[in-house]
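**Student:**
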Amino acid sequence: MLKINNLHVSVGDKPILKGLTLDVPAGEVHAIMGPNGAGKSTLGYALSGRPGYEATEGAVDWRGESLLDLEPAERAAKGVFLSFQYPIEIPGVPALTFVRTALNAQKRARGEEEVSAPAFLKQVKAASAALKMDFDMLKRPLNVGFSGGEKKRMEILQMALLEPSLLILDETDSGLDIDALRIVSEGVNALRSPDRAMLVITHYQRLLDYIKPDRVHVLAAGRIVASGGPELAHQLEAEGYDKYLPQAA
Amino acid sequence: MSTAVDLRDPSTFPSRRVEAWKYTDLARVLRETPPPSPTVETAPGGPFAALGGEEIAFANGRAVGADAFVASGEQTLRLRFVSDATGTGHSASVRIAVKPGAKLTLLESHEGAGAGYVASYRIDLDIPAGAEVTRVVLIDEPADAISVSVAHVKTVPGAVYRQTTITSGARLQRQETHLAHGGEGTEVTLDGLYALSGERHTDLTSVVRHGGLNGVTSQLTKGVVRDTARGVFQGKIVVERGADGTDARMGHHALILGERAEVDAKPELEIYADDVQCAHGNTVGNLDESALFYMQQRGIPADEARALLTQAFLIEVVDRIAHDGEREVVREWLTARL
Ligand SMILES: Nc1ncnc2c1ncn2[C@@H]1O[C@H](COP(=O)(O)OP(=O)(O)O)[C@@H](O)[C@H]1O
Ligand SMILES: [Mg+2]
Chain A
20 MLKINNLHVS VGDKPILKGL TLDVPAGEVH AIMGPNGAGK STLGYALSGR
70 PGYEATEGAV DWRGESLLDL EPAERAAKGV FLSFQYPIEI PGVPALTFVR
120 TALNAQKRAR GEEEVSAPAF LKQVKAASAA LKMDFDMLKR PLNVGFSGGE
170 KKRMEILQMA LLEPSLLILD ETDSGLDIDA LRIVSEGVNA LRSPDRAMLV
220 ITHYQRLLDY IKPDRVHVLA AGRIVASGGP ELAHQLEAEG YDKYLPQAA
Chain B
78 MSTAVDLRDP STFPSRRVEA WKYTDLARVL RETPPPSPTV ETAPGGPFAA
128 LGGEEIAFAN GRAVGADAFV ASGEQTLRLR FVSDATGTGH SASVRIAVKP
178 GAKLTLLESH EGAGAGYVAS YRIDLDIPAG AEVTRVVLID EPADAISVSV
228 AHVKTVPGAV YRQTTITSGA RLQRQETHLA HGGEGTEVTL DGLYALSGER
278 HTDLTSVVRH GGLNGVTSQL TKGVVRDTAR GVFQGKIVVE RGADGTDARM
328 GHHALILGER AEVDAKPELE IYADDVQCAH GNTVGNLDES ALFYMQQRGI
378 PADEARALLT QAFLIEVVDR IAHDGEREVV REWLTARL
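Residue numbers (the numbering used here), protein chains in the order written: chain A, 20 to 268; chain B, 78 to 415.
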């Protein structure tokens, strides 16, 4: 479903991803683990089209279509969703307004009918209750003054409402206590389906106890250097990333 | 700073060599007295029509009915300056008096049609003790119009005055507000909002003079400029000797969204009294790139994301408008222009 082939990405003039190849079949959840600075967030940004993250070589094929030539909003309309490692504050735009604007923009781009305000409100109420979020919080400007954990829940709420098909979770576990982690993971697991693909980026094995991956990849120095089943995550937890660091190679 | 512009006398057209007009060079775009504008008709209406009230209208400078107004009790007055002229000039002046204890909502609209006209207006407004005036000024003019409007507002102790100006600019446009602050118990709000595109220019200039004890002034102007537009904010607050206990705050914040767009800001505090609280803040910046990307990642196209962020930035000024009706009119007007 997602086929990344020999992807090179530079930020400024600095090459960060150096020939990354990865295949995520429909319905699967793949974990990307790796040391700090390996390029995990860069991968998420490159897939979602962040300006400044330039693909200099390689290809990204999403459901038979090249992603790299599309604008970020076009990619979103085609189902790409990045849950940010550090969600951004949007002053002056209430969370509810924000999500409805995004949902309807995506629907317009896909030629679907927009969702009405009452129908949307109903969806939000259900989704926020499932994530144990205070509904009143959604009337406040998006992420402004939210705690780290609240911002992460807000990301998952948006994901639940936008119903993307390529889900990229960048360190969604950071800033979450164990209860929040469980609730958020349930939200993510609810979205697992045969017509979706997921990339779960994480530093720690902990999250993978809740979101069980089909495959685990180690990203180090801009490339996938090892791949395996869920047991690889446990091995990394025990041994650390040392043997994947450039000086060890 | 109150060099009165008289359209009949080109020697009164200031150039940028006059300090108070250094960003708004009237003499460069207007060298001679323009031919007088024709008489035109105007039917009652305007952008605030739905809010009701009395109406005073000037069509190409000529009063349609009365040219003065005395407010008593609770009243709404729509003050309309309608221009429908091409390459000609007109001017008008109006005096508005307010009875003690009156509450006046003054909805002023500058409605321009035609092309390349020159308009000059003067408004005098006196606010006695216990009276309250809310003035909302909506300026909507063609891109090639030239206009200068000057208001002289006098408040005495115990008066309330709130002003919000919203404009999309013109070829050269300036609004001056000269306010004599009464001091004790007098509260003044003096806000502005500009959204400029193309080659438009606007200049919001104000002088607030605190003459009495314990006066309060709160001033907030926000603007956005695109393309090669130019926004000018000149705000001066003078706290005269003896005006102790004055509390005056002034903020001007602008977004520059065009590489060749420009904002010139000159906030000034002149303080000759003791124990005052005065502060001014001025920022000029751009939209937050990471916020723009975040919004696009969620599916909001770049232009819509920019408009939404711009509106969110400006809306603080609109939110400060006290009455729901005016706030809605202004909000809709603004949304249609972002
Ligand atoms: N916007 C940026 N500007 C400059 N360097 C960057 C930028 N983003 C990432 N980098 C660099 O790219 C490398 C990979 O970063 P990142 O993808 O954030 O790693 P990870 O998420 O695996 O910790 C790091 O060396 C980081 O310093
Ligand atoms: Mg990262």
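A virtual CB, placed ideally from N, CA and C, is assigned to each residue, including glycine.
Any chance you could list the alpha helix (DSSP H) runs of at least 4 consecutive residues sitting entirely within the stretch 68 to 104 of chain A, in chain order?
**Tutor:** Qualifying alpha helix (DSSP H) stretches, in chain order: 91 to 96.
**Student:** Judging by CA-CA distance, which residue of B:83, B:104 and B:398 is the nearest neighbour of residue 93 of chain B?
**Tutor:** Residue 93 of chain B sits at position 16 when you count from the first residue of the second sequence. Nearest C-alpha to residue 93 of chain B: B:104.
**Student:** Tell me which residues of the stretch 364 to 376 of chain B have at least one Cβ-Cβ distance to chain A shorter than 9 Å, keeping chain order.
**Tutor:** If the cut-off is 9 Å between Cβ atoms, the stretch 364 to 376 of chain B has 365, 366, 367, 368, 369, 370, 371, 372, 373, 374, 375 and 376 near chain A.
**Student:** Measuring straight from C-alpha to C-alpha, what distance separates residue 38 of chain A and residue 77 of chain A?
**Tutor:** By one-based count along the first sequence, residue 38 of chain A stands at place 19. By one-based count along the first sequence, residue 77 of chain A stands at place 58. If I take the Cα positions, the gap works out to 7 Å.
**Student:** Anything in chain B within Cβ reach of residue 120 of chain A, meaning under 8 Å, just list it in chain order.
**Tutor:** Here residue 120 of chain A refers to the residue found at position 101 when the first sequence is read from its first residue. Per Cβ cutoff of 8 Å: 377, 381 and 385.
**Student:** Alpha carbon to alpha carbon, what distance is there between residue 334 of chain B and residue 362 of chain B?
**Tutor:** Stepping through the second sequence from its first residue, residue 362 of chain B is reached at position 285. Stepping through the second sequence from its first residue, residue 334 of chain B is reached at position 257. Cα-Cα distance, rounded: 9 Å.
**Student:** Three-state secondary structure (DSSP) at residue 171 of chain A?
**Tutor:** Here residue 171 of chain A refers to the residue found at position 152 of the first sequence. DSSP places residue 171 of chain A in helix when its eight states are reduced to three.
**Student:** Hey, is residue 244 of chain A close to ligand 1, as in C-beta under 7 Å from one of its heavy atoms?
**Tutor:** Numbered from 1 along the first sequence, position 225 holds the residue referred to as residue 244 of chain A. Checking every heavy atom of ligand 1 against the Cβ of residue 244 of chain A, none is found closer than 7 Å.
**Student:** Counting along the chain, where does the beta strand (DSSP E) carrying residue 52 of chain A start and finish?
**Tutor:** The sequence position of residue 52 of chain A within the first sequence is 33, counting from 1. Residues 48 to 52.
**Student:** Taking DSSP's pairing of strands, which residues face residue 301 of chain B in a bridge?
**Tutor:** Residue mapping note: residue 301 of chain B aligns to position 224 of the second sequence, counting from 1. Answer is B:272 and B:332, bridged to residue 301 of chain B.
**Student:** Please state if the CB of residue 123 of chain B and the CB of residue 152 of chain B are separated by a distance shorter than 8 Å.
**Tutor:** As a first step, residue 152 of chain B must be located in the second sequence, where it is residue number 75. As a first step, residue 123 of chain B must be located in the second sequence, where it is residue number 46. For residue 152 of chain B and residue 123 of chain B, no; Cβs fall outside 8 Å.
**Student:** Are the stretch 124 to 134 of chain A and the stretch 72 to 90 of chain A touching by the rule of at least three beta carbon pairs closer than 8 Å?
**Tutor:** Segments in contact, no.
**Student:** Can you give, in chain order, each stretch of the alpha helix (DSSP H) that sits fully within the stretch 79 to 150 of chain B and has at least 4 residues?
**Tutor:** Listed in chain order, they are 103 to 106.
**Student:** Less than 6 Å between C-beta atoms, sequence neighbours within five positions excluded: which residues of the same chain meet that for residue 152 of chain A?
**Tutor:** Within the first sequence, numbered from 1, the residue matching residue 152 of chain A stands at position 133. 172.
**Student:** Along chain A, in chain order, which residues have C-beta atoms closer than 9 Å to that of residue 389 of chain B?
**Tutor:** Along the second sequence, one-based indexing puts residue 389 of chain B at 312. The answer, in chain order, is 109, 110, 111, 112 and 160.
**Student:** Out of B:163, B:116, B:211 and B:201, which has the shortest C-alpha to C-alpha gap to residue 154 of chain B?
**Tutor:** Counting from 1 along the second sequence, the entry for residue 154 of chain B is found at position 77. That would be B:211, whose Cα lies nearest to the Cα of residue 154 of chain B.
**Student:** Does the beta-carbon of residue 250 of chain B, which I'm using as the reference point, lie nearer than 7 Å to any heavy atom of ligand 2?
**Tutor:** Taking the second sequence and counting its residues from 1, the one referred to as residue 250 of chain B is at position 173. False, no ligand heavy atom lies under 7 Å from that Cβ.
**Student:** Suppose contacts are defined by Cβ-Cβ distances below 8 Å. Is residue 397 of chain B in contact with residue 241 of chain B by that definition?
**Tutor:** The residue given as residue 397 of chain B occupies position 320 in the second sequence. The residue given as residue 241 of chain B occupies position 164 in the second sequence. Against a cut-off of 8 Å, the Cβ pair of residue 241 of chain B and residue 397 of chain B comes out as a contact.
**Student:** Assign residue 407 of chain B to one of three DSSP states: helix, strand, or coil.
**Tutor:** Stepping through the second sequence from its first residue, residue 407 of chain B is reached at position 330. Residue state, collapsed to three classes: helix.
**Student:** Please classify residue 180 of chain A: does DSSP put it in a helix, a strand, or coil?
**Tutor:** On the first sequence, residue 180 of chain A is found 161 positions in, with the first residue counted as 1. Residue 180 of chain A falls in the helix class under three-state DSSP.
**Student:** Pull out every residue of the stretch 227 to 249 of chain B whose Cβ sits closer than 9 Å to any Cβ of chain A, in chain order.
**Tutor:** Result list empty, no residue passes.
**Student:** How about residue 357 of chain B and residue 346 of chain B: do their beta carbons lie closer than 8 Å?
**Tutor:** Translated into the one-based positions of the second sequence, residue 357 of chain B becomes position 280. Translated into the one-based positions of the second sequence, residue 346 of chain B becomes position 269. Yes, Cβ-Cβ distance for residue 357 of chain B and residue 346 of chain B is below 8 Å.
**Student:** Does the distance from the CB of residue 244 of chain B to the CB of residue 279 of chain B come in under 8 Å?
**Tutor:** Here the question's residue 244 of chain B lines up with position 167 in the second sequence. Here the question's residue 279 of chain B lines up with position 202 in the second sequence. It is a contact, given that the beta carbons lie within the stated cut-off.
**Student:** Does the beta carbon of residue 28 of chain A fall short of 7 Å from some heavy atom of ligand 1?
**Tutor:** In the first sequence, residue 28 of chain A corresponds to position 9, counting from 1. Flag unset: Cβ of residue 28 of chain A not near ligand 1.
**Student:** On the CB-based measure, 16 or more other CB atoms within 10 Å of its CB, does residue 197 of chain A come out buried or exposed?
**Tutor:** In the first sequence, the residue the question calls residue 197 of chain A occupies position 178. Answer is exposed; the Cβ neighbour count stays below 16.
**Student:** Pick out whichever of B:101, B:204 and B:113 has its Cα sitting closest to the Cα of residue 492 of chain B.
**Tutor:** Residue 492 of chain B is absent from the model: chain B starts at 78 and stops at 415.
**Student:** Using only the heavy atoms of ligand 1, determine whether one of them is closer than 7 Å to the beta carbon of residue 75 of chain A.
**Tutor:** Locating residue 75 of chain A in the first sequence gives position 56, counting from the first residue. Incorrect: residue 75 of chain A has no Cβ contact closer than 7 Å to ligand 1.
**Student:** From the beta carbon of residue 392 of chain B, is the nearest beta carbon of chain A less than 8 Å away?
**Tutor:** To locate residue 392 of chain B, count along the second sequence from 1; it is residue 315. With 8 Å as the cut-off, residue 392 of chain B counts as an interface residue toward chain A.
**Student:** Name the one or two DSSP bridge partners that residue 327 of chain B has.
**Tutor:** To locate residue 327 of chain B, count along the second sequence from 1; it is residue 250. Note: residue 327 of chain B sits in a beta bridge opposite B:296 and B:357.
**Student:** For residue 373 of chain B, which residues of its own chain have a beta-carbon under 8 Å away from its beta-carbon, when the five flanking residues on both sides are left out?
**Tutor:** By 1-based counting over the second sequence, the position of residue 373 of chain B is 296. Cβ neighbours of residue 373 of chain B beyond the five flanking positions: 379 and 382.
**Student:** What do you reckon, are the CB atoms on residue 112 of chain A and residue 272 of chain B nearer than 8 Å?
**Tutor:** To locate residue 112 of chain A, count along the first sequence from 1; it is residue 93. To locate residue 272 of chain B, count along the second sequence from 1; it is residue 195. Against a cut-off of 8 Å, the Cβ pair of residue 272 of chain B and residue 112 of chain A comes out as no contact.
**Student:** Which word fits residue 224 of chain B, buried or exposed, when buried means at least 16 other C-beta atoms lie within 10 angstroms of its C-beta?
**Tutor:** Along the second sequence, read from residue 1 onward, the residue named residue 224 of chain B stands at position 147. The residue in question, residue 224 of chain B, is buried, as its Cβ has 16 or more Cβ neighbours within 10 Å.
**Student:** With DSSP run on the structure shown, which of helix, strand or coil describes residue 162 of chain A?
**Tutor:** Here residue 162 of chain A refers to the residue found at position 143 of the first sequence. Coil, per DSSP.
**Student:** Cutting at 7 Å between CB atoms, please list the residues of its own chain near residue 319 of chain B, excluding the five before and the five after it.
**Tutor:** As a first step, residue 319 of chain B is located in the second sequence; it is residue number 242 there, counting from the start. Counting only Cβ-Cβ distances below 7 Å, and skipping sequence neighbours, we find 350.
**Student:** Measuring CA to CA, which of B:300, B:127 and B:268 is closest to residue 285 of chain B?
**Tutor:** Stepping through the second sequence from its first residue, residue 285 of chain B is reached at position 208. Looking at the Cα atoms, B:268 is the closest of the given residues.
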